[in-house]
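Asker: Using the working numbering, the letters of the sequence shown correspond one by one to residues 1301 to 1610. Note that the Cβ used here is the ideal one computed from N, Cα and C, for glycine as well.
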Amino acid sequence: MVNKLRGDPKALAFVLLLAATAAWGATFVVVKGATAHNSVLGFLAWRFLVAGGLLALFRPRSLQRLGRRGWSRGIILGLALAGGYVTQTLGLRYTSAAVSGFLTGLQVVFTPLLAWLLLRHRPGARAWVATLLAVGGLAVMSLHGLTFGLGQLLTVAAALLFAGQIVGLGFWSSAQDAYGLATVQLLTVAACCWTATLPHGPRAPARLSDWGAIVVTAVVATAIAFVVQSWAQSQLSTTRTAVVLTMEPVFAALVAWSVGEKLGWSVVAGGSLVVVAMLVCEAAGGKRLAWRARRGLRPIPMAAVSADPP
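1) Among Trp-1346, Ala-1425, Pro-1549, Ala-1521, which residue has its Cα nearest to the Cα of Val-1568?
2) Looking only at its own chain, which residues have a Cβ that is under 6 Å from the Cβ of Gly-1437, when we skip the five neighbours before and after it?
3) When the Cα atoms are used, what is the spatial distance from Thr-1495 to Gly-1370?
4) Answer with buried or exposed for Ala-1506, where buried requires no fewer than 16 other C-beta atoms within 10 angstroms of its C-beta.
5) Could you give the residue range of the alpha helix (DSSP H) that holds Thr-1335?
6) Grouping DSSP H, G and I as helix and E and B as strand, with all else coil, what is Ser-1534?
7) How many Å lie between Ser-1558 and Ile-1514 at the Cα?
8) Does the structure place the segment 1461-1477 close enough to the segment 1408-1415 that three or more beta carbon pairs sit under 8 Å?
9) What first and last residue would you give for the alpha helix (DSSP H) that runs through Ser-1509?
10) Apply the 10 Å Cβ neighbour rule to Leu-1508 and answer buried if 16 or more other Cβ atoms are within range, or exposed otherwise.
11) Going by the beta-carbon positions, is the gap between Leu-1341 and Pro-1499 smaller than 8 Å?
12) Checking 8 Å against the spacing of the C-beta atoms, do Leu-1403 and Val-1456 come in under that value?
13) Would Leu-1392 and Val-1484 be called neighbours here (beta carbons separated by less than 8 Å)?
14) Nearest by alpha-carbon distance to Phe-1314: which of Ala-1553, Ala-1542, Leu-1460, Leu-1487 is it?
15) Per DSSP, what kind of secondary structure is Ala-1525 in: helix, strand or coil?
16) Output the distance between the C-alpha atoms of Gly-1333 and Leu-1344, rounded to the nearest integer angstrom.
17) Pull up the distance between the alpha-carbon of Arg-1540 and that of Ala-1427, whole angstroms please.
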């Protein structure tokens, strides 16, 4: 199995991105506990500073290799990511966590639409089926009646920004620049969050458990996970990436269940639809590769638009 993944970059990217999504979902419980005693922006400022700082410390030359163009791209992606986190956080002040989770999941719809509008990369029929299944699953999991107000508008804006980050990363990321791009993005988010807490800056957490939450989320769910995402998107299409990322609330629900929270029928049914959507999307990718292989054609570039034009 390991040797098969090594010989198939697409399969390896899919598995690693799924693992990163699991890490994001698993930290919901950790983040919820930490932000109960600290401001959300302050927590994010420390989390992204530690994550970006660690990546820069371990491979400083990756930032030098990016060049001016790579830095510009990383900052643009980081601004989209920061905007997504900030608007999502502000939206949570005016809407429930369940509704916020569903609306944030709309990035799976916005991603192929943005890729189509901006990059002329038209999704196939299976991609749209997978997208609709994923949205339906998210709705069943978390939506119990929706009224639209300021909180919902802010959260939809967050989903759009997250989708923009996915599309941009799919267009610009390469296997060589993945580490550097991830580092610049995280440092950009940290800078935005620190700026948002001025003039006093983010307060240092007083509890040791809160520092533990910062370290765990910074290392596992931020530094490692975003490097994985940056590399994986040099191999996978933007639509496929977005569908895999819809597994985040599924993993979050499973972790919550493991620590004692009850899972209702809606979570089980909705999560099942999301898993089916991911399988449909994965099957579509495998079918395209098999079709081209039977005709002796070279594999399609993984992100379809990941390389710059000559």
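Answerer: This is what the structure gives:
1) Among Trp-1346, Ala-1425, Pro-1549, Ala-1521, the Cα nearest to that of Val-1568 is on Pro-1549.
2) So the qualifying residues of the chain are Gly-1570, Leu-1573, Val-1574.
3) Using only the alpha carbons, I get a separation of about 23 Å.
4) Exposed, by the Cβ-count rule.
5) Where Thr-1335 is concerned, there is no enclosing alpha helix (DSSP H), given that its DSSP letter is neither H nor E.
6) Looking at Ser-1534 - three-state DSSP - the assignment turns out to be coil, as it is neither helix nor strand.
7) Their Cα atoms are separated by approximately 21 Å.
8) In the pairwise beta carbon analysis, the segment 1408-1415 is classified as touching the segment 1461-1477: at least three pairs are separated by under 8 Å.
9) Its alpha helix (DSSP H) spans residues 1508-1518.
10) Under this definition Leu-1508 is an exposed residue.
11) No, they are not a contact pair.
12) Taking 8 Å as the Cβ cut-off, Leu-1403 and Val-1456 qualify as a contacting pair.
13) For Leu-1392 and Val-1484, no; Cβs fall outside 8 Å.
14) Among Ala-1553, Ala-1542, Leu-1460, Leu-1487, the Cα nearest to that of Phe-1314 is on Ala-1542.
15) Correct three-state label for Ala-1525: helix.
16) Roughly 14 Å between the two C-alpha positions.
17) Using only the alpha carbons, I get a separation of about 7 Å.
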